[in-house]
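Report on one structure; see the data block that follows.
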């Protein structure tokens, strides 16, 4: 499955991105790029983005990067764990970019990292571990076929 095919299938099955108003591209296998503008749905206070939103974006960013590798071997992936460091706050109106990259591919696990930036300002960093499992054992395999 090519990165463009993956983008199409993933957008059909994953409604979470739509809920958060975040949008991704796959620059190349093993990477991902999400972007969004902090709006009212993302706020924890009158002006500050909720840390949970940033964590969700990190999980999605790393997950898509991992998925681009997983599908090459007929697998899908799920998050095992991840760690996030919040370095600066994101506020209402900030245009954020999240970049994910696969760091290690094992037999059953893949490790990835991601950053969220507002321009040149680093907002957060994360590292995660993802488990691989066969795509043909899931309903998602049917989406990819048709």
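Numbering (the numbering used here), first residue to last: 22 to 167.
Quick reminder that beta carbons are idealized off the backbone N, C-alpha and C, glycines included.
Every value quoted in this text rests on a predicted model; they were computed, and no experiment measured them.
- Message: Am I right that residue 24 and residue 95 are in contact with their C-beta atoms under 8 Å? What's the rounded C-beta distance?
- Response: In the chain shown, counting from the first residue as 1, residue 24 sits at position 3. In the chain shown, counting from the first residue as 1, residue 95 sits at position 74. The beta-carbon separation of residue 24 and residue 95, rounded to 16 Å, does not stay under the 8 Å limit for a contact.
- Rank 84, 65, 148, 64 by C-alpha distance to the C-alpha of residue 14 and give the top, closest one. A query on residue 14 cannot be resolved here, the shown segment of the chain reaching from 22 to 167 and no further.
- If we call anything under 8 Å between Cβ atoms a contact, is residue 81 one with residue 38? Residue 81 sits at position 60 when you count from the first residue of the chain shown. Residue 38 sits at position 17 when you count from the first residue of the chain shown. Contact flag set, yes.
- Query: Would you say residue 73 and residue 107 are within 8 Å of each other, going by their C-beta atoms?
  - Reply: Residue 73 sits at position 52 when you count from the first residue of the chain shown. Residue 107 sits at position 86 when you count from the first residue of the chain shown. No Cβ-Cβ contact shorter than 8 Å links residue 73 with residue 107.
- Task: Could you check the C-alpha separation between residue 46 and residue 86 for me, to the nearest Å?
- Result: Here the question's residue 46 lines up with position 25 in the chain shown. Here the question's residue 86 lines up with position 65 in the chain shown. C-alpha of residue 46 to C-alpha of residue 86: approximately 10 Å in a straight line.
- Query: On the three-state DSSP scale, how would you describe residue 150?
  - Reply: Translated into the one-based positions of the chain shown, residue 150 becomes position 129. Three-state result, residue 150: strand.
- Message: Please classify residue 90 as buried or exposed, where buried requires at least 16 neighbouring CB atoms within 10 angstroms.
- Response: Against the chain shown, residue 90 aligns to sequence position 69. Buried, because 16 or more other Cβ atoms sit within 10 Å of the Cβ of residue 90.
- Message: Could you check whether residue 130 and residue 100 sit closer than 8 Å to each other, using their CB atoms as the reference points?
- Response: Here the question's residue 100 lines up with position 79 in the chain shown. Here the question's residue 130 lines up with position 109 in the chain shown. Not in contact: residue 100 and residue 130 (Cβ atoms no closer than 8 Å).
- Message: For residue 148 and residue 88, I'd like the C-alpha separation in whole angstroms.
- Response: Numbered from its first residue, the chain shown carries residue 148 at position 127. Numbered from its first residue, the chain shown carries residue 88 at position 67. Each residue's Cα considered, the two are about 15 Å apart.
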